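Please read the structure below before turning to the comments.
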Amino acid sequence: MSRKTKGYLLNTAVIAVALLIFFFYRNSMMEANNKNFRLSVIPSVWQCCYLIILSASLNLVLGFMGQLSIAQCGFMAIGAYTSALLSLAFERAGFYTDKSGFNFTVVLILSFLNAGLLSALVGLVVGIPALRLKGDYLAIITLGFGMIIVNLINNLPFAGQNGLEQGSASSSLYENGLGFSSKQQVAWVFLAILITLFAVTIMFMFIRSKYGRAIRAIRDDEIAAEACGINVSHYKVLTFVYSAFFAGIAGALFSCCNGSLSTGTFTFANNSILNSTFLVVMVVLGGMGSLTGSIVAAVLMFLLNRFIKEGEWLSSAPQFVQTIFGYPMLVYSIILVIVIVFRPKGIFGHNEFSLINLPADLKRIFSKKKGKEAGV
Amino acid sequence: MTIFLSTLMVGLRLGSIYALIALGYTMVYGIIRMINFAHGDFIMVGGYTLVFTMPVMTEKLGLPAWTGVVFAIIVCAIVGVLVELLAYRPVRKKGTGMSALITAIAMSLILENLAQAIPAIGPNPKIPQVIFPASSLTLAGITIDTTTIYTIVVAGAMMVLLTLLVKKTSFGRAMRAVSENKKAAVLMGVSVDRTILLTFAIGASLAAVAALMYIAQYPLVFTTIGSSLGLKAFVAAVLGGIGSLPGAMLGGLIIGMAESFTVSYISSAMADTFVYLILIIVLLIRPVGILGKNVREKV
Amino acid sequence: MSDPILTAEHISISFGGLKPVNDFSMSLHSGELVGLIGPNGAGKTTVFNLLSGVYHPDEGEIRLAGKRIDNMPPHEVVAEGIARTFQNIRLFKEMSVLDNVKVSMVPHAQYSFLDATLRTPRFRRIENEQDSHARELLELFGLENVADELAENLPYGQQRKLEIARALGTNMKVLLLDEPAAGMNPTETAELRESIDLIREKFGIAILLIEHDMSFVMNICERIMVLDFGQKIAEGTPDVIAADPRVIAAYLGEEETKEDPQNVNA
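Residue numbers (this note's numbering), protein chains in the order written: chain A, 1 to 376; chain B, 1001 to 1299; chain C, 2001 to 2266.
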């Protein structure tokens, strides 16, 4: 058995054990009817799940292919609205009544698939013209397309701010369609976890194949990649579409665990954590070109955001600290600049975290530290 | 006919302001090949400086309100230089084009949010005092307000000055040398870092002047004032050919006209969408813009 | 002699007012090793860029095995069978040495998206085949021990070799080498010669190379073409070229400007 296979098996085994432990933990918490678990832990798990998918999918384009796209939240918006509207339509048609059972599962699967596929389709339409440009121009044109997507959704008669007929979108989702109440979020938490695991796994398969090699080559030197016979625009558009697909899936997860949908959530920069800049921070922090890095950074940034927004430490902090942390985007942008200036590679650089390498990595890190202390 | 002519004047006025801002984008791009996403926010910096300094000028010194622009220029130039020194330069020396670009986006957000975090500014918009007393001129049957005339004249004068600066002075020569070839410029004894700093200072000062002219017409200053203005000016710079000074002026005028005529003849809600569409079409058909030079990548 | 594998007929290209390649014709047969020399700025690299599809000629035709290739984008030209290296090394710096070579095999990896996602036997077979093929190519250049290093960490000479190994991964019929010996020390140059001999023996392909190291070109090439101001001024065996007065004039002209100290400081 090769070291690679061993590594895969080890990682899979550890994930399986962790899932099992979480399963028993959840059941005991449910029996105890633990409020904190239901209202705080489980929603956090859901949020982390879609943040992980988002940052990993953006990393494909930004980190592995080296193209800065700031339309990712636009694709997420498409996924969120598609799944919400589709599930709502099925409910109104009387296909399911309560959120369990076979019929509802079918609707779930359909909603998620369609969310991904429609995002991918729009990704194709945007990607073909946009990816003819590079660098600054690509950033600007994706910014433009992202805004157009959000504006379009806003103006659709059946979507938009108040479009989901029975009152506004915000009030209807918990009651209807895909929106899960906190109890349902506990019941369906494994849906989120499994979808995330599944999505990350197939992104890994993509990266560790000819597709991954082709796009990393494009990142390092486009002209040389062409000289190696790589159809650069083909692979660029393909990856862009692939990434948009997962952003759509993340959007569907988002609409499951949020009672409300509003296009304001998906704009370029706002004070919630769902904006394209926040995503770029996650990818850069984790390491452009490291999927595991994106996962770790997504969880870290989620915790940081929570710490800033809900931390009790803040009320006892000096006034100016409170003011600054009252504007989380300020904190995130400063983090972004600091990371880019002092550690442009992020936490992991191009490396992937794997348990089998852990002992060796730890050894290296510690010997480095010792070396530094000794003044080497 | 009167509608047409007054629309034309509004277009000229808007266009002059966009051109002033676009010049800042274009100068910086010409010299370091990077889009300074934070440039739009220099307008916001200039706007707030004016809000705070104009009362001092009028009440304490008895000078006209617009003299506050001196402080706005100074503050904007300092902010521009700081942004370059603290963020862009370290990243440029170390990183790739990608990290420079990400830093620029981050700097824009930092400026906007930092302004909000300053207690004297806060999240609510501020209303500046009247800058040019309302009066108008009637010429050949149409009435033009004086602010419009001032705006067009000032913008024209700034452009003439800038052209002279770039063409006739030693700084202008240094700037052109650095944008042509950095290594050769160093060999010729040009201080690249200093030239870049000065370019940032001048670009930011133009944004301060643009801020004065803009809030003279639309008296409201808020922290994100620069993002949509900046974006339109950026579209103007790209349209004219980024890196080209006459291109920025031409692009500014075209975008100003397009916006003014869309508002007058189609709908005001469509104006922004229209500007985005122009951007996307230009980028796809002729990414180097109207007056831009086509640069081949060397193989 | 059989039909030539690669021909260029009267190709020209102009950028603005410049005509870096002007009415250039050539032919290349399988198994041949031909040198393309000329002073700096003579248009040698532009010829390579035309042959490899980076630029398209304004006039003239380029044919590979009889098929017109002068309007194809670079990746299609590669698929037809022309591989190249670059004057200023263009490796995939942040990829491993092995992956650098495997990049040029990407177009030959005949597995689908689904195969890659599900890790089917087909996927594993093709990946394994490419892996061992890439390692064989690395071995040709003595790079098998650094297969897992990042390309950017290799010393200069090995980077040049890796670029050739990568070009060989494309299944080419014609190999274009742009200054393969530039910056190499004499030992490395000697090793490079051996590798080139080995390539010819093993693959039987045609090689066209640009080189400034005259002794290298004179020793290794069977035929030499001389370019000056975008035009071919001489062609023949090394002996003929060495004695050609026009070639000597073109080169002396260049030597003068090169060594003129005032020119450097101006």
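Cβ coordinates follow ideal geometry from the N, Cα and C atoms, glycine included. The structure displayed is predicted, hence computed values, not measured ones.
In the DSSP assignment, L2033 (chain C) falls within the unbroken beta strand (DSSP E) covering 2033–2037.
Between I1149 (chain B) and the set B:L1162, B:S1135, B:T1049, the nearest pair of CA atoms involves B:S1135. At least 8 Å separates the beta-carbon of G94 (chain A) from that of V241 (chain A). No Cβ-Cβ contact shorter than 8 Å links I1043 (chain B) with I1255 (chain B). Note that the region 2060–2071 of chain C does not touch the region 201–214 of chain A; fewer than 3 beta-carbon pairs, one per stretch, sit closer than 8 Å. The beta-carbon separation of A2167 (chain C) and R2084 (chain C), rounded to 6 Å, stays under the 8 Å limit for a contact. Contact annotation: D1041 (chain B) and L1111 (chain B) have beta-carbon atoms nearer than 8 Å. By the neighbour-count definition (other C-beta atoms within 10 Å, threshold 16), L2162 (chain C) is a buried residue.
Boundaries of the alpha helix (DSSP H) around N27 (chain A): 3–31.
The contact set of R216 (chain A) on chain C, defined by CB atoms closer than 9 Å, consists of F2092, E2094, M2095, D2099, V2103 in chain order. With a threshold of 8 Å between beta carbons, T97 (chain A) makes no contact with chain B.
Across the set C:N2171, C:Y2055, C:G2142, C:I2037, the C-alpha of C:G2142 shows the shortest separation from the C-alpha of Q2158 (chain C).
A check of alpha carbon separations from L1277 (chain B) across A:L118, A:E352, A:N151, A:N258 identifies A:N151 as the nearest. For I1215 (chain B), the enclosing alpha helix (DSSP H) has its first and last residue at 1192–1217. For the pair K2173 (chain C) and D136 (chain A), the Cα-to-Cα distance works out to about 38 Å. By the Cβ criterion, the region 1028–1037 of chain B is not in contact with the region 1047–1054 of chain B, since fewer than three pairs of Cβ atoms, one from each stretch, lie closer than 8 Å. T196 (chain A) is positioned such that its CB atom lies no closer than 8 Å to that of A77 (chain A). For Q2130 (chain C), the number of other beta carbons within 10 angstroms of its own is at least 16, and it is reported as buried.
The residues A1022, T1026, P1246, G1247, A1248, M1249, L1250, G1251, G1252, I1254, G1289, I1290, L1291, G1292, in chain order, have a CB closer than 8 Å to that of G1240 (chain B) in the same chain once the five nearest residues on each side in sequence are set aside. DSSP, reduced to helix, strand and coil, places L2018 (chain C) within a strand of the structure shown. Neighbours of L1197 (chain B) across chain A, judged by C-beta separation under 8 Å, do not exist; the nearest C-beta is about 18 Å away. Contacts with chain C (Cβ-Cβ distance below 7 Å) from the region 335–354 of chain A involve H350, listed in chain order. Taking one beta carbon from each stretch, the region 2082–2098 of chain C and the region 196–207 of chain A have fewer than 3 pairs nearer than 8 Å; the two do not touch. Taking 9 Å as the cut-off between beta carbons, the residues of the region 1279–1290 of chain B near chain A are L1279, I1280, L1283, L1284, P1287, in sequence order. Spanning the alpha carbons of V1091 (chain B) and A297 (chain A) requires a straight line of approximately 21 Å. Between A2147 (chain C) and N2100 (chain C), the alpha-carbon positions lie close to 9 Å from each other.
Taking 9 Å as the Cβ-Cβ cut-off, the region 1098–1110 of chain B approaches chain A at M1098, S1099, A1100, L1101, I1102, T1103, A1104, I1105, A1106, M1107, S1108, L1109, I1110, given in chain order. In the three-state DSSP reduction, F1222 (chain B) falls in the coil class, being neither helix nor strand.
Q47 (chain A) and F254 (chain A) have their C-alpha atoms spaced approximately 7 Å apart. Judged by DSSP secondary structure, L2064 (chain C) falls outside any alpha helix (DSSP H) and instead within the beta strand (DSSP E) spanning 2059–2064.
Under the DSSP assignment, A192 (chain A) falls in the alpha helix (DSSP H) whose first and last residues are 189–207. Using a 10 angstroms sphere on the CB of D2178 (chain C), the tally of other CB atoms reaches 16 or more, which defines it as buried. Contact note: V280 (chain A) reaches chain B through I1102, I1105, using a C-beta cutoff of 8 Å and chain order. The region 346–365 of chain A makes no contact with the region 1103–1121 of chain B: fewer than 3 CB pairs, one atom from each, lie closer than 8 Å. Annotation: Cβ neighbours of F206 (chain A) in chain C (cutoff 9 Å, chain order): F2113, A2116, T2117.
With fewer than 16 other Cβ atoms from the protein chains shown falling within 10 Å of its own Cβ, M1188 (chain B) counts as exposed.
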